[in-house]
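*Asks:* Chains G and W supply the protein sequences, listed in that same order.
Quick note: to get the working numbering, add 13 to the position in the first sequence (first position is 1).
Quick note: to get the working numbering, add 780 to the position in the second sequence (first position is 1).
Beta carbons: idealized from backbone N, C-alpha and C, even for Gly.
To start, I am sharing the structure in question, which I have written as structure tokens.
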Amino acid sequence: MDRDELSRCVETHGKSIYSFCRRLAGDVQEAEDLYQDTFLKAVELRGQIDADENVKSFLLSVCVNLWKNRRRKAAIRLRITGPRTALDGPDAESVPDTARDVENEFLRREDIRAVRSAVAALPDRLRLPVLLFYMEDLKLPEIARILKIPEGTVKSRLFAARKKLKKELQTVLNN
Amino acid sequence: MEYKFDDILYGALEPDLEPPRRLNDKILQKAFQAEAGVSAQSLSDDSFDPDTISDGFSGLAPDSERRDGNSRARFLLRAHAVMLAACLALALWSITALAARHCLTLRQVASGLQDDKLAEAFSGEGAITVNETQVFGNYRITLLGVVSGEAISDYRFSENGVPQSDRFYAVTAIEHADGTPMPDAGDAGYGDEEFMVSPYISGLDPLSYNIVTFGGGYSEFVEDGVEYRLIDTGNVSAFADRTIYIGVSDGTFYKKGPFLFDESTGAIMRNKEYDGVNALFVLPLDSALADSVAAKKLIDSTDAKLSDADGTGTAESETEKAASEWAEQFRDGSGALDKEKLAELCRVLPETVGTFAPDADGVYHFSWRSEEYGGGSGSSSLKYLFPEDSPAGTVVSLGYSYSDGDLSTLCMETLTLNEDGTVTLAVYVPK
């Protein structure tokens, strides 16, 4: 991968990967680290890109692995028990207009924030499939490969996530 | 509103955040400076990164892996690595692997985890160095030592908003007996080999009283192929008038196989029949450390958590695992369910059976209700429900559920694809 190729790769997939990192990491600094590390790691691993694999899927796979590793990493105190931190900070700062214009004209800014907060509050095992499916538009087999879980489990988790989100968002979405 | 739910998620989660230009420029700069052979030290944003001394860390390696923690702690660790490398250069290759093992002391492990205060504590009089090794299959498990006390770490846990400062710390080293390195943080297999390291107390059933219920956690890192783990939990030294163990078993959470608990004597033993890792070390603690008041407080706090189903990590996870395993056994590999196995091991709840046709947009809206098992509903289209090209008769799971951590309420929602394009929902429960 030469400079131009990497530049094109960043240009093409940067927005998608950056958005994914932001929704995944919550904290902006952590998201930027994850985003940068994803591309740098991808350059290292470029020889492993399968010819049949699309580049975005490969980048997401690298990103998810880095994220999982980071969660387990030495310097991060990993509590086994205790409350999970809600990751609603960064979403409050901006809800770009483009998101409103897309498919759901009735989606108000408040709704978008509510949905994003609810997704951010999901446990990782549900949040990752939701982001890969709804944000990155990946198919179930691709998600299964990236998360290294059976396709059926992806489906179960998506179903469970939808159920949980619906419950969580009932009041907001009925208004 | 419900049928729009998928669209709402798509809309709200659309990738819409542009990465800052400076970030993209930095990626390009770092990637190609590294390829051009510029050292990571000169690439660093900071003036000096001690990591670059010892391991020639590539400039492509993730930034955060170099930036974590304070530099002093990492320097101590890396300085040691430099000295070790120099020594190894003089040694025979045949002993290199062994020499590289057990190179870190308790203090160095704490320093490696950026906890200077704990590193001091591990160098103090209260620390107990054990250095006992047990081997199970391809794993060598070493308990390096323990220390306990009030506010002896740079980090402090809070439980339900209450800071916990009276803590117990133990350090283990886990390595492959055949000398192959344990996967490091950046390796593909990192985290695949899961272990639970926990203190256990004689007289207390380890199923209920373990690192999870004692409000514990852990930190770990891999150095020279050895995985070092520091556990941090409520101060179990208060039980020093009993036998206190450190157990290391495979898996993330406590399970019944590795250890046996004799209810009559209170003794905890290794299960010799267990085919896996079940190291058990007895701590040589001074019984003078026993503190009946603190011990009772720890038990009371643990019991309170155990009586609160939502607050019990162990119980919840064990239940979730059992439920997941139950549901997974019916999958046939293609994403569908094995109908014969389903019929053999489950019964259907007749009141939940219903057939649903798609709406004009091809979306199925299904629901079920049972007095005993509650109910559920969902909407989705065929392509998300069934594997591609599924023939009529294919049965898929929509998921399983149970309420309040109670597996007796476990049930699985299924959909069957019919010849006429409708789907039939049925909820199955274990026979």
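1) Take the Cβ of Ala1102/W as the centre, count every other Cβ of all protein chains shown within 10 Å, and call the residue buried at 16 or more, exposed below.
2) Within 10 angstroms of the Cβ of Ser70/G, are there 16 or more other Cβ atoms? Answer buried if so, exposed if not.
3) Let me know the secondary structure DSSP gives Asn850/W once reduced to three states.
4) What residue range does the alpha helix (DSSP H) around Ile981/W cover?
5) Taking just the CA atoms, how far does Glu18/G sit from Ser1029/W?
6) Using only alpha-carbon positions, find the residue among Glu1007/W, Phe1110/W, Phe1019/W that is nearest to Ser1067/W.
7) Which residues, in chain order, does the segment 787-802 of chain W contribute to contact with chain G at a C-beta distance below 7 Å?
8) Would you say Ala173/G lies against chain W (beta-carbon separation less than 9 Å)?
9) Assuming Ser1122/W is part of the alpha helix (DSSP H), what are its boundary residues?
10) Between the beta-carbon of Asn911/W and the beta-carbon of Gly925/W, is there less than 9 Å?
11) Which residue's Cα is closest to the Cα of Gly1154/W: Ala953/W, Asp1169/W, Leu1190/W?
12) Are three or more beta carbon pairs between the segment 1202-1209 of chain W and the segment 1127-1139 of chain W nearer than 8 Å?
13) Could you name the residues of chain W that Phe52/G contacts, counting a contact when the two beta carbons are closer than 8 Å?
14) Can you grab the Cα-Cα spacing for the pair Leu1063/W / Ala907/W, in whole Å?
15) Hey, is the segment 1124-1133 of chain W in contact with the segment 1158-1175 of chain W, meaning 3+ C-beta pairs nearer than 8 Å?
16) Of all the beta strand (DSSP E) runs that stay within the bounds of the segment 982-1053 of chain W, which reach a length of 3 or more residues?
17) Using a Cβ-Cβ cut-off of 8 Å (strictly less than) and excluding sequence neighbours within five positions of Asp787/W, which residues of its own chain qualify?
18) Out of curiosity, what's the CA-to-CA distance linking Leu1078/W and Tyr949/W?
19) Could you give the distance in angstroms between the alpha-carbon of Val1209/W and the alpha-carbon of Glu164/G?
20) Does the distance from the CB of Phe916/W to the CB of Asn1015/W come in under 9 Å?
21) Counting contacts by CB-CB distance shorter than 9 Å, is Arg1111/W in contact with chain G?
22) Any heavy atom of the ligand GTP closer than 8 Å to the beta-carbon of Tyr919/W?
23) Residues bridged to Val1143/W by DSSP?
24) Which residue comes first and which comes last in the alpha helix (DSSP H) that contains Ser29/G?
25) Along the chain, where does the beta strand (DSSP E) that runs through Phe1061/W open and close?
26) Quick one: which chain G residues come within Cβ less than 7 Å of Asn804/W?
27) For the alpha helix (DSSP H) that contains Pro1210/W, what are its first and last residues?
28) List the whole-angstrom C-beta distance separating Leu1040/W from Tyr48/G, where the pair is believed to meet the contact cut-off of C-beta under 8 Å.
29) Mind checking which residues open and close the alpha helix (DSSP H) that includes Asp137/G?
30) Taking the beta strand (DSSP E) that Gly929/W belongs to, which residues open and close that run?
31) Work out the CA separation of Asp896/W and Thr885/W for me, nearest whole Å.
32) Check this for me: beta carbons of Ser1072/W and Gly1027/W, under 9 Å apart or not?
33) In chain order, what residues of the same chain lie with their CB nearer than 8 Å to the CB of Tyr989/W, ignoring the 5 residues before and after it?
34) Can you tell me which of the three DSSP states Phe785/W falls into?
35) Taking the beta carbon of Ala1172/W as the centre, do at least 16 other beta carbons fall within 10 Å, making it buried, or is it exposed?
36) Is there a Cβ from chain G that is less than 9 Å from the Cβ of Ser1181/W?
*Replies:* Let's see:
1) Flag for Ala1102/W reads exposed.
2) Buried, since its Cβ has 16 or more Cβ neighbours within 10 Å.
3) Its pLDDT being 28, under 50, Asn850/W is placed unreliably in this model, and the coordinates cannot settle the point.
4) In this chain, Ile981/W is not harboured by any alpha helix (DSSP H); it is covered by the beta strand (DSSP E) spanning 975-981.
5) Distance between the alpha carbons of Ser1029/W and Glu18/G: 47 Å.
6) Out of Glu1007/W, Phe1110/W, Phe1019/W, the CA that lies nearest to the CA of Ser1067/W is found in Phe1019/W.
7) Those would be Asp787, Ile788, Leu789, Tyr790, Gly791, Ala792, Leu793, Glu794, Pro795, Asp796, Leu797, Glu798, Pro799, in chain order.
8) Look at Ala173/G: its C-beta is under 9 Å from a C-beta on chain W.
9) It should be pointed out that residue 1122/W corresponds to Leu in this sequence rather than to Ser. Where Leu1122/W is concerned, the enclosing alpha helix (DSSP H) stretches over 1119-1125.
10) A contact, by the Cβ cut-off of 9 Å.
11) Comparing Cα-Cα distances from Gly1154/W to each of Ala953/W, Asp1169/W, Leu1190/W, the minimum goes to Leu1190/W.
12) Counting Cβ pairs under 8 Å, three or more are found: they touch.
13) Simply Ile807, Ala811.
14) The alpha-carbon of Leu1063/W is positioned some 12 Å away from that of Ala907/W.
15) Proximity of the segment 1124-1133 of chain W to the segment 1158-1175 of chain W falls short of the contact definition, fewer than three beta-carbon pairs being nearer than 8 Å.
16) Correct list: 997-1003, 1006-1014, 1024-1030, 1039-1041, 1048-1050.
17) Counting only Cβ-Cβ distances below 8 Å, and skipping sequence neighbours, we find nothing.
18) Using only the alpha carbons, I get a separation of about 15 Å.
19) A straight-line Cα-Cα distance of about 22 Å links Val1209/W and Glu164/G.
20) Cβ atoms of Phe916/W and Asn1015/W: not closer than 9 Å.
21) Arg1111/W counts as touching chain G.
22) For the ligand GTP, the structure offers nothing, since it holds no ligand at all.
23) Answer is Ser1161/W, bridged to Val1143/W.
24) 16-38 is the extent of the alpha helix (DSSP H) around Ser29/G.
25) In the DSSP assignment, Phe1061/W falls within the unbroken beta strand (DSSP E) covering 1058-1062.
26) Below the 7 Å Cβ cutoff, chain G contributes Val23, Gly27 as neighbours of Asn804/W, in chain order.
27) Taken as a continuous stretch (DSSP letters only), Pro1210/W belongs to no alpha helix (DSSP H), being part of the beta strand (DSSP E) at 1203-1210.
28) Contact check for Leu1040/W and Tyr48/G: beta-carbon distance about 49 Å, past the 8 Å limit, so the pair fails to qualify.
29) Following the DSSP letters along the chain, one finds Asp137/G inside the alpha helix (DSSP H) bounded by residues 137-143.
30) Start and end: 919-930.
31) Here the C-alpha atom of Thr885/W lies approximately 14 Å from the C-alpha atom of Asp896/W.
32) No; because the gap between Cβ atoms is not below 9 Å, this pair is not in contact.
33) The residues Tyr980, Ile981, Ile1079, Thr1082, in chain order, have a CB closer than 8 Å to that of Tyr989/W in the same chain once the five nearest residues on each side in sequence are set aside.
34) Correct three-state label for Phe785/W: helix.
35) With fewer than 16 other Cβ atoms inside 10 Å of its own Cβ, Ala1172/W counts as exposed.
36) Interface residue, yes.
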